[in-house]
Structures are given as C-alpha cells and as structure tokens.
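Quick note on the numbering used here: the sequence shown kicks off at 272 and runs consecutively.
Beta carbons: idealized from backbone N, C-alpha and C, even for Gly.
Notes follow once the structure below has been shown.
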Amino acid sequence: MSRIVFQNGVHQGMSIEVDKKLSLGRDLNSDVHLVSPDVSRTHCYVYLEGSGVVLEDAGSRNGSFVNGVQISRQLLKHNDIISLGDLVLKYEQPAVEIGIGSESSVFVDPTFDENNLEMSIAMEGINFLDLHKGGDLAKKLEVFYTVANAVAEQPKENLLFKVILECLFDIFPQAGRGFILKGENEEELKDEAIHFRNQEEGQQKQLVISKTVKHMVMAKKEAVLCKDTQADDGFAASMSIIEEDIHSFMCVPLISMDIMYGLIQIETSDSYAPFEKEDLDLLVGVASLTALFLRSSHSVRTATQESNKRAQLARFFSPKVAENVMNNKLELGGETRYGSVLFCDIVGFTSMSEKITAAELVDRLNQYFEVMVSIILNEQGTVDKFGGDSILSVWGAPEAIKDDSLYAITAALQMQNAIVPFNLDLIKRGADPLSMGIGIHSGKFIAGNIGSKDRMEYTIIGDDVNTAKRVESTASGHMLMVSEPALGEHKSLFYGTRFNPIPLKGKSQPLPLTCIRGKKCGEGYLVTFPCEVEGEFSKIYFVDDSKKKLKLVTNAPLSEGQEIDIKLILPEKPNVDNFSGKVSAKLSQDLMWELECENTSYIGELLDNGIIVVEEDISWDR
272 MSRIVFQNGV HQGMSIEVDK KLSLGRDLNS DVHLVSPDVS RTHCYVYLEG
322 SGVVLEDAGS RNGSFVNGVQ ISRQLLKHND IISLGDLVLK YEQPAVEIGI
372 GSESSVFVDP TFDENNLEMS IAMEGINFLD LHKGGDLAKK LEVFYTVANA
422 VAEQPKENLL FKVILECLFD IFPQAGRGFI LKGENEEELK DEAIHFRNQE
472 EGQQKQLVIS KTVKHMVMAK KEAVLCKDTQ ADDGFAASMS IIEEDIHSFM
522 CVPLISMDIM YGLIQIETSD SYAPFEKEDL DLLVGVASLT ALFLRSSHSV
572 RTATQESNKR AQLARFFSPK VAENVMNNKL ELGGETRYGS VLFCDIVGFT
622 SMSEKITAAE LVDRLNQYFE VMVSIILNEQ GTVDKFGGDS ILSVWGAPEA
672 IKDDSLYAIT AALQMQNAIV PFNLDLIKRG ADPLSMGIGI HSGKFIAGNI
722 GSKDRMEYTI IGDDVNTAKR VESTASGHML MVSEPALGEH KSLFYGTRFN
772 PIPLKGKSQP LPLTCIRGKK CGEGYLVTFP CEVEGEFSKI YFVDDSKKKL
822 KLVTNAPLSE GQEIDIKLIL PEKPNVDNFS GKVSAKLSQD LMWELECENT
872 SYIGELLDNG IIVVEEDISW DR
C-alpha cells in the first residue's frame, strides 16, 4: 500500500498508509497531526485517485512542495520528497509485480504518467528488443530492471554507479571499459565510477577520456555511437582513443528536465564486435533512469538543506520573516522600528528552581518554551531571546507588521490558556503546575545586530522595550497586562479591567494598565478566565455571542449532562459570584468541554461593557 514516511521532526521514521483521503496539519483533529509551527492548521490533503495518490495543498500559509517545487495539486511518484514547512516526508509506492518467467520479474509503476516525456523516451528505448532474439530479450530485460531496482533502492550514488556498470558489462560481452562522469557542463565533469573487464590486482585505473567525445555529448546533449573509430574521421586522430585501443564506443548524456548531470561511456577494443544501434538504445534507457535518480537525489539534498535552514530560522522568526531571510529580502542592521513587545515569565520561578535538580529544571523550561514559542510564531511574532524563565518577543522587527498589537494580544491570550494542558502533564509526573504573567507594550525601539565583531545577535533595545518589561512585572499568575499604546486603535475589540495609573520602576510617571481577559473573534470571544471546576484548576477559553455557551479546558472528570459549579479566580476581581452550568458536549481535543450556562456572572458583565474602569489600586501580590 502507498505510504508517506516522515524524514525528520518528532515523528521521524513513522509511516502513514494512504488508504483514504487524509488531512495533514497542525490541528489536533487532522488525520495526520504535524508538529511544527511552520505548517497550517489544515495544510494539505493526500488521497487516492485512480491507481495513484494525489497531494493537494489546502491553501496553506507556507505552501506545499514536491521535490523542491511548490504545488497546488500533484500526482505523486515513488520516492517524491514532500516539504511542508520545516517537515520533510517521502512518498513511497510499492511495486506491482507481474511474472514473466521463473527467474525474472517486470516492475510496473502504477503512477506512470504518459505525459512524462523522459520515461516515455526510456520506454521507447526498449524498442531495440528484437523479438526473434528470444535469449537476448530475457537477458536485456533482466539488466534493465536490475538497474531500475538499483535506482529505486540504492541511496548512495557511488554504489549505484558500480551496479549500473556491472549490469552493462553483463549485457555487453565485448565491453572492455566503462565509466560514469558527473557534472553539469564539460568543464565540471569528474569521474565517479570506472569499470574494466579484465583488471589485474593492483592495476591503476587511469581514466583517459576523449575531449572530442565529451564536447559532442555535453554540448549537443545527444547520444553518440561510433561503430569503428578508425573509419570515423572525427575520432581516428584522437590520441586518447588510439592510446586506449578503442575500436567502438557509446557515450550517452545523463540528462533530466533538460539539466545535464554527466555522461556514461562504454568502450570495446574488439574490432569484430562493435556496438550497434540496439545497444545504444539500451544504454539510453539506463542513462535515463540514472538521470532521474540524480535529479531526485539533488532535489532531496536541496529540500533538506532548505528545510534545515528554515528550521534554524523558525526557532526565532515567524514563518513569513524566516522565508524573507531565506530569500535575502531583509537587510539586517540597526534601525528604528515601531511595534509591540511581549514579555512573559513564570511566577514563582525562583522557589520552583530550589525544589528540583538543574537537569529537571532545564527539561521543564524547554518543554514550556516549546509550547509558548509555537503560539508566538503562529501569530506572526519573532522570538528575540530567552532569559532564564522569561521570553522576549516582538511584532514589528525585523519586518514591519500591520496590526502588531492585535497579533501580540491574541498570542498572549492563547499562551495563558495553553498553560492548563501543559500543567496536566507536569502533575502526572508529580511536578508542581506553573503559572505565568504576561506584559505587552507598543512603541519605538532600535532593532539590529548588537554585540562585537566576534559575536553578534539580532535584538531590540530601547526605552519602550524596558517599559514592556515593567508592564509585565505587574502581572500576577494567569494575568495579561497591557499598556494604553498597545490597546491603541483596537481597543474596542478587547475586554478587561482598566486600573488607575500604576507606578513602574524606572518610569517618572505612573502608567494606566489594563488586565485583558478577552477579544472579539468571529462568532464569539477568545477569552482566558482562570477558574476552579470540581476542585481542579481550569480555564474558560471561549464564549459564544449569546454568552450562554462556554468552552472549558480542565482536568476535572466531567461527563455530558453533568451540572457543575464554576468559581472564577481573578486576581484583579477577587470577589465575583460563582455560577453554574451544564456540560453539553466533550470536544475533540483532550480536556476540552462545552458548557451551557444561563448566567455567566462577571464574564457576561465584562463582555457587555468592554473595558471596565476601576478606581481602587491593585491589590494582588506578584
């Protein structure tokens, strides 16, 4: 059965059989879940069509690539390399075996496309098989398909070339020497493999090649057959042909999609057994298969190199910015930028550090960063740096972005919600759960390479960057504090509590800050309300437009139809009323439930009023 095999990433080596239409994407509901911030929620589909398999892009943000070429819809062929963001997969199509004798088999590719010119040329090359030569037919077919199987199964070029030359010597008993050269033009040709019929032990395999032959094959991209070098004025005077006692030879270009990869040459010194036209036809077929392999190998290397570069860039830049860096569209250097800066850190990190070993601490932080960075990158942010348990991210550098604060606040809300399932994994391992505070401020900063000539890093500096850090310092666990400049023109989209101006360290004047709990999106509200359900810490992460249907992420053991009490835990509003609801459905993602509530208490009040202004000073303990 056809399958796709992961070549890298967390699922490296895993194979997925294509027996129906499959969706591939970052969404947990996808048939094939892709773990990468570079792929879209639903990135592409693979499905059966006739006897083949089709890959179809689903309008993904970064596109789908086959052998390094971006596609919208592509019929896949055996060993095609699929690139989805920084993930690389390979399509494998098993052969269909048709018996033609007791000792040999024909292997037919079920995805063969008659419009594939190269393959049709190769198959036309089989017309040399004169049916009245029954013994030769089986022998030649055996060689041709031995080469085909070697191309499909042997990933190492040098070993493949050795097999090809040995097969050619089996079918051409008069062949005395053969070799394969690689290169895109005559000047770049280098010998990759050479084979002699009779070679004494220790004999030097010195390769002397006719410049005349090289020029004809590489310049004209045509196969050359010389039955008698002495009778051909073009070769009779060639010193290399004279020195090597070459009486007849064939030389065929390794060409695919009009790109030259080198040549194959087979020679004989037997003047009584020159090569004939049908011999050249066979060599053309073998050369075509070899060139297809070289093209595929080159595409794999190119795709792997680009994927590795993207993977490195994706550690710090959003996919769009990373792509621009790949394409050399960015000029990095110190310049003034305007954008939004996000700081977040773990509340109580110091006390947590004292309770676990250094190795456990590093492991826990890496897992935490993995979750948070994925969200930041997905919302077009750039990760500037990590500092202990803190993350500094920016929207607006190295590339300006429209609605920077909207992206930043959206990311922050999702980050606060993502901490619940992350904590569940910690609790299962006997560790204490985490909470974090987030601060966002918008303004000007200098973005560029900072450091010395020996070590430089791209970062942002400036007073507004420092202000973002001070804003974050006011946020208690599960809080998102945002400055007035960050709310900006999108203020009407957000819901939260605005406080009297708060003194910040290093700032001459107090700043008004708002604790954001939600934003309008689609047919409802993306929110983050920490609460307690059935004794378990939980979060309400979505409210519909009616404000009577909620979505909850919790580790509490719930069941459909269950009546539950919900206690909001809000540092900025500690004395709000509890409310009750009924579990209406279990959602497809783990730990997520839908609730129906007649009265949502403070949540409904907040969503009705937008930003609620309070007069009292902040009372929570950071």
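- DSSP places G881 outside both helix and strand once states are collapsed to three, so it counts as coil.
- At the C-beta level, T738 and K673 stay beyond 8 Å of one another.
- Here the C-alpha atom of D298 lies approximately 8 Å from the C-alpha atom of S311.
- Burial state of E538 is buried, judged by a 10 Å Cβ sphere holding 16 or more other Cβ atoms.
- Judged by their CB atoms, E455 and M528 are not nearer to each other than the 8 Å cut-off.
- Straight-line spacing of the CA atoms in N333 and S676 works out to 23 Å.
- Here C786 has M750, L751, M752, G767, T768 and E843 as same chain residues with Cβ atoms under 7 Å from its own Cβ, once five neighbours each way along the sequence are excluded.
- If one requires a minimum length of 3 residues, the beta strand (DSSP E) runs lying completely within the stretch 684-753 are 707-722 and 727-732, in chain order.
- With 16 or more other Cβ atoms inside 10 Å of its own Cβ, C868 counts as buried.
- In summary, A746 is buried, with 16 or more beta-carbon neighbours lying within 10 Å of its beta-carbon over all protein chains present.
- Counting C-beta pairs with one atom in each stretch, the stretch 859-873 and the stretch 818-830 have three or more that are closer than 8 Å, which means they touch.
- Burial is judged here by how many other beta carbons sit within 10 angstroms of a residue's own beta carbon; L430 has fewer than 16 and is exposed.
- Counting only the Cα atoms, S559 lies some 56 Å from N688.
- Excluding sequence positions up to five before and after I709, its CB lies within less than 8 Å of the CB of L613, F614, C615, A683, M686, Q687, E743, A746, M750, L751 and M752, all in the same chain and listed in chain order.
- At the C-beta level, L764 and K790 come within 8 Å of one another.
- Judged by DSSP in its simplified three-state form, E807 adopts strand.
- Taken in chain order, the complete beta strand (DSSP E) segments of 3 residues or longer contained in the stretch 813-871 are 820-825, 834-839, 850-857 and 863-867.
- Under the 8 Å Cβ criterion, the stretch 696-714 does not count as touching the stretch 876-887, having fewer than three qualifying pairs.
- Residue range L358 to E363 is occupied by the beta strand (DSSP E) that includes E363.
- T628 sits exposed, since fewer than 16 C-beta atoms from the chains shown fall within 10 Å of its C-beta.
- Annotation for H761: L677 place their beta carbon closer than 6 Å to its own, counting only its chain and skipping 5 residues before and after.
- Boundaries of the alpha helix (DSSP H) around K433: E428 to I442.
- For the options I617, S568 and L632, the alpha carbon positioned closest to that of M643 is the one of I617.
- Within a 10 Å sphere around the beta-carbon of S301 sit 16 or more other beta-carbons, which makes this residue buried.
- Minimum Cα-Cα distance from E803 among the listed residues L697, N849 and C792 corresponds to N849.
- Under the 8 Å Cβ criterion, the stretch 311-322 counts as touching the stretch 283-295, having at least three qualifying pairs.
- The three-state reading of DSSP puts L299 in coil, since its state is none of H, G, I, E or B.
- Contact holds between the stretch 850-864 and the stretch 820-838, because three or more Cβ pairs, one in each stretch, are under 8 Å apart.
- With a beta-carbon spacing of about 4 Å, L496 and L551 fall inside the 8 Å limit used to define contacts.
- Cβ contact annotation for Q341 (same chain, cutoff 6 Å, sequence separation greater than five): G334, in chain order.
- The three-state reading of DSSP puts Y543 in coil, since its state is none of H, G, I, E or B.
- Contact annotation: L554 and M521 have beta-carbon atoms nearer than 8 Å.
- Taking each of S331, K822, G619 and K482 in turn and checking the Cα distance to S294, the smallest one comes out for S331.
- Here I690 is buried, its C-beta having at least 16 other C-beta atoms within 10 Å.
- As a beta-bridge residue in DSSP terms, A464 pairs with I451.
- Counting only residues of its own chain and dropping the five nearest sequence neighbours on each side, S645 has a CB closer than 6 Å to the CB of P308.
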